[in-house]
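In the working numbering, the protein residues as written are 35 to 445. A short write-up of the structure that comes next.
This is how it looks when you write it as structure tokens:
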């Protein structure tokens with residue numbers, strides 16, 4: 035059946051599906067779960083394309099008898115079954131985790147793919163059965179539900195059997211998760227939604243073949259000879275799946291490009307980190323590839339450098355106090371900027387090879403311990419300091435004539 039959805043709606047979704055699929059193959063294709071998701075998306079893209087009138091016309095023109103429109107429509111059912119088998123494989127991984135306590139990322143991949151190829155073999159057999167049973171309809175130039183008869187009963191039994199098995203497994207798996215004691219309210223709501231959707235598939239998988247059987251036995255004309263409901267169901271399910279997987283895919287792309295919160299924090303901290311670790315190079319550790327670990331490493335190294343720099347921290351100079359008071363009215367903002375000026379002055383003293391001293395000066399964020407529970411607070415305060423760092427560094431470099439005397443800018 036050709037998609038009943040107009041092209042100006044269908045094609046943007048198909049293009050998005052193709053882009054997401056290719057992106058995931060490039061960036062998210064390591065674990066069995068990710069690979070199964072990507073394979074399911076590939077099957078979905080193929081199934082969607084085979085139902086579009088433009089694609090049908092092109093294939094009919096260049097593939098000869100293999101481009102027969104009715105053949106392509108029936109092949110699309112095979113891709114739907116393969117999608118179901120990929121989802122079934124993911125559900126089996128989840129079920130295995132419930133039984134053994136082993137996470138999906140830690141399973142034996144050889145065994146996983148050995149089973150998965152069996153599932154795909156069953157899916158191919160189901161699709162082939164649809165093609166064989168659909169031969170009379172193809173020869174007559176009709177859809178399966180238009181031709182009807184016992185071949186239609188066989189075709190839909192073969193098609194819906196994998197869907198029934200997959201839906202039943204999903205209901206069982208997520209029902210266990212709903213009843214688990216450590217499940218959060220948000221997770222429970224998501225599991226309930228999955229159970230509801232899978233339950234609807236189970237019901238449809240039973241009702242659809244039985245309805246066809248009833249229509250054949252009683253010689254009742256089918257209510258949907260154009261198979262519009264089946265086509266819409268597939269389109270909406272694929273659209274929903276595309277929307278769901280797009281969100282984490284975009285998050286991964288943003289992370290790789292440094293556009294997420296972690297990447298922005300790294301960029302904001304970089305100048306402060308560079309200046310402090312240049313002064314104390316021994317605090318630097320091995321570079322981390324993971325952005326989250328890189329941010330954590332930068333915070334630790336900045337904090338360690340500040341701990342070493344505190345021997346050079348002197349009480350705030352009066353010129354600095356006057357400058358901050360003249361340029362800012364918010365008290366918290368004044369304290370923050372003044373702390374930045376103290377650190378910039380201390381760094382200038384360190385780089386000028388002045389003798390360290392301990393004047394008993396303490397900065398509030400130096401008392402936080404980033405290796406423990408205060409990492410988030412430390413990160414926020416250091417990022418605030420880093421945002422001010424270009425300003426305070428320029429002030430010290432431009433107006434400070436000595437380590438403890440300044441001529442502030444005219445206000």
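Every residue gets a Cβ at the ideal spot worked out from N, C-alpha and C, and that includes glycine. Predicted model only: the values in this text are computed from it and were never measured.
Measure the alpha-carbon distance for residue 47 versus residue 38 and round it to whole angstroms.
-> Their backbone Cα atoms lie some 14 Å apart in a straight line.
Given residue 199 as reference, the closest of 156, 331, 366 and 65 once Cα atoms are compared | It is 156 whose Cα lies nearest to the Cα of residue 199.
Should residue 375 and residue 333 be called a contact, given that it needs their Cβ atoms to be closer than 9 Å?
-> No, they are not a contact pair.
Which whole-angstrom value is the C-beta distance of residue 371 and residue 336, which I expect to be below 8 Å?
-> In fact, because the Cβ distance is near 18 Å, the residues do not count as touching under 8 Å.
Helix, strand or coil for residue 64, going by three-state DSSP, please let me know.
-> Coil.
What residues in its chain sit with their C-beta under 6 Å from that of residue 165, if we drop five residues either side in the sequence?
-> Closer than 6 Å at the Cβ level, and outside the excluded window around residue 165, lie 108.
When the distance is taken between beta carbons, is residue 262 closer than 9 Å to residue 187?
-> No, these two residues do not count as a Cβ contact at 9 Å.
Limits of the unbroken alpha helix (DSSP H) element including residue 185 | Residues 184-213.
State the DSSP-derived secondary structure class of residue 240, mapped to helix, strand or coil.
-> When DSSP states are grouped into helix, strand and coil, residue 240 belongs to the helix group.
Between the C-alpha atoms of residue 368 and residue 426, what's the straight-line distance to the nearest angstrom?
-> Their backbone Cα atoms lie some 12 Å apart in a straight line.
Verify whether the separation of the beta carbon atoms of residue 205 and residue 233 is less than 9 Å.
-> In terms of Cβ geometry, residue 205 and residue 233 form a close pair [threshold 9 Å].
Chain-order list of residues whose beta-carbon lies under 8 Å from that of residue 292 (same chain, five-residue window excluded) = Cβ-Cβ distances below 8 Å link residue 292 to 298, 300, 301 and 325 in the same chain, with the five nearest sequence neighbours on each side left out; the list follows chain order.
How should residue 390 be labelled, buried or exposed, when 16 other C-beta atoms within 10 angstroms of its C-beta is the threshold for buried?
-> Exposed, because fewer than 16 other Cβ atoms sit within 10 Å of the Cβ of residue 390.
Check whether the Cβ atoms of residue 60 and residue 68 lie closer than 9 Å to each other.
-> Pairing residue 60 with residue 68 gives a Cβ-Cβ distance that is not under 9 Å.
Could you pull out every residue in the same chain whose Cβ sits closer than 6 Å to the Cβ of residue 128, ignoring the five residues on either side in sequence?
-> So the qualifying residues of the chain are 207.
Same chain, Cβ closer than 6 Å to residue 378, neighbours up to 5 away in sequence not counted = Only residues of its own chain outside the window of five on either side were considered, and among them 426, 427 and 430 have a CB closer than 6 Å to the CB of residue 378, listed in chain order.
Beta-carbon spacing of residue 120, residue 160 below 9 Å = No, the pair does not count as a contact, with Cβ atoms beyond the cut-off.
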